[in-house]
């Protein structure tokens, strides 16, 4: 009976250690990614990328082709009519 208790405690401690190592590491990585995504440097980088894309879009003569423009126009008109009703 005593051996069973020792083995059970050993397995429980071993399980806890393995659980802490594996899921603790995953939790650390998730926290690190969240910290990176919410950092001021990352936000500024994204803003700069958006500004650059907007500048590129403004400089192009045709940013989207006529078929896409017509499709977007119809879609926006449909949304507008649904909002008004």
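Residue numbers (the working numbering): 2 to 86.
Positions of the beta carbon are idealized from the N, C-alpha and C atoms, including for glycine.
Handout entry: Through-space distance from residue 30 to residue 85, alpha-carbon basis
Key = The sequence position of residue 85 within the chain shown is 84, counting from 1. The sequence position of residue 30 within the chain shown is 29, counting from 1. The straight-line gap from Cα to Cα measures roughly 47 Å.
Practice task
Give the straight-line distance between the Cα atoms of residue 66 and residue 60, rounded to the nearest whole angstrom.
Solution key: Against the chain shown, residue 66 aligns to sequence position 65. Against the chain shown, residue 60 aligns to sequence position 59. Computed Cα separation, rounded: 15 Å.
Problem - 3-residue-minimum beta strand (DSSP E) runs that sit fully inside the stretch 38-78, ordered along the chain - result: none
Problem - Beta-carbon proximity of residue 50 to residue 43, cut-off 8 Å - result: In the chain shown, the residue the question calls residue 50 occupies position 49. In the chain shown, the residue the question calls residue 43 occupies position 42. No, the pair does not count as a contact, with Cβ atoms beyond the cut-off.
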